[in-house]
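Here the sequence shown is numbered in the numbering used here, starting from 49 and rising by one per residue.
Below is one structure, written out as structure tokens; comments come after it.
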Amino acid sequence: MTAASAYILEDLRRMRRARNYFAWQSRLIRPHLGRRVIEIGCGIGNFTREILGCEKIVAVDSEPACVEIVAKEFPGVECFVRDIGRESIADLARFRPDSCLFINVLEHVENDRQAVCDAAELLAPGGSVIIFVPAFQSLFGPIDRHLGHYRRYAPRAIRELADAAGLRVARLHHVNAVGFLGWWANARIFRREAQSEVQIDVFDRWIVPVMSRVETVIRPPFGQSLLAVLRKE
């Protein structure tokens, strides 16, 4: 395992404690999710556990250690090691997915256009590619670099990915306005190189329960992340 992979794995382990955050993600994504799901970039299964009620789950990651963890923790999930954007995933079409997920993954993929096109090819008409990514390149800082991020995203970039893959943008909006401010402070003021467990705990326990309710009523004009639902027609 490379030093970068070890850093990412440790970050995933720290984030695992953020159960309210992953539940919030799930509430945002589940209405657009089908029954047969391919999760591309599953990590150690932090979001996988949120979709265990699906009829079929296929989990894919480029890091063998992550795939091993997911396979051991969730025996009913089919697991594969693939370097998305570089290695073919065409054989996964045999699972007949109706949804492909990229949850905080595309920013790690150098050729993100190829990754989205490959995912779209797995789907029949009516299927969805669901994307959750960090927003605003202006927030790019030390944590992004250490996590191996190539970029953060603007809505225009998501629309360009959709066009390249022949997908229609069904939903596209920012999520987590307070997280935007926290990430800005980490990147521009404190120059932090990692999220601390204290930060994660405070955010998850006190901020997420409030923000998740507020943002169901008022969609923020900015946020730490972007959620996109892209349909194949």
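Every residue gets a Cβ at the ideal spot worked out from N, C-alpha and C, and that includes glycine.
Quick caveat: nothing in here was measured; it's all calculated off a predicted structure.
Reference residue i; option with closest CA among the options
i	options	result
residue 208	278, 142 and 185	278
residue 141	85, 134 and 183	85
residue 204	143, 219 and 192	219
residue 222	270, 95, 122 and 153	270
residue 197	169, 50, 233 and 157	157
residue 245	53, 50 and 58	58
Distance CB(residue i)-CB(residue j) smaller than 7 Å
i	j	result
residue 102	residue 83	yes
residue 272	residue 228	yes
residue 132	residue 92	no
residue 122	residue 94	no
Cα-Cα separation, residue i to residue j
i	j	result
residue 108	residue 255	31 Å
residue 171	residue 104	14 Å
residue 159	residue 112	20 Å
residue 66	residue 60	10 Å
residue 261	residue 110	35 Å
residue 155	residue 268	22 Å
residue 173	residue 75	24 Å
residue 106	residue 125	6 Å
residue 175	residue 280	5 Å
residue 55	residue 241	10 Å
residue 231	residue 274	14 Å
residue 180	residue 224	12 Å
For residue j and residue i, believed in contact at Cβ under 8 Å, the rounded distance
i	j	result
residue 178	residue 147	6 Å
residue 276	residue 226	Incorrect: roughly 21 Å between the Cβ atoms, too far for contact.
residue 200	residue 182	5 Å
residue 169	residue 138	7 Å
(message) Count Cβ pairs between the stretch 202–216 and the stretch 148–165 that sit closer than 8 Å; are there 3 or more?
(response) Yes: at least three Cβ pairs fall under 8 Å.
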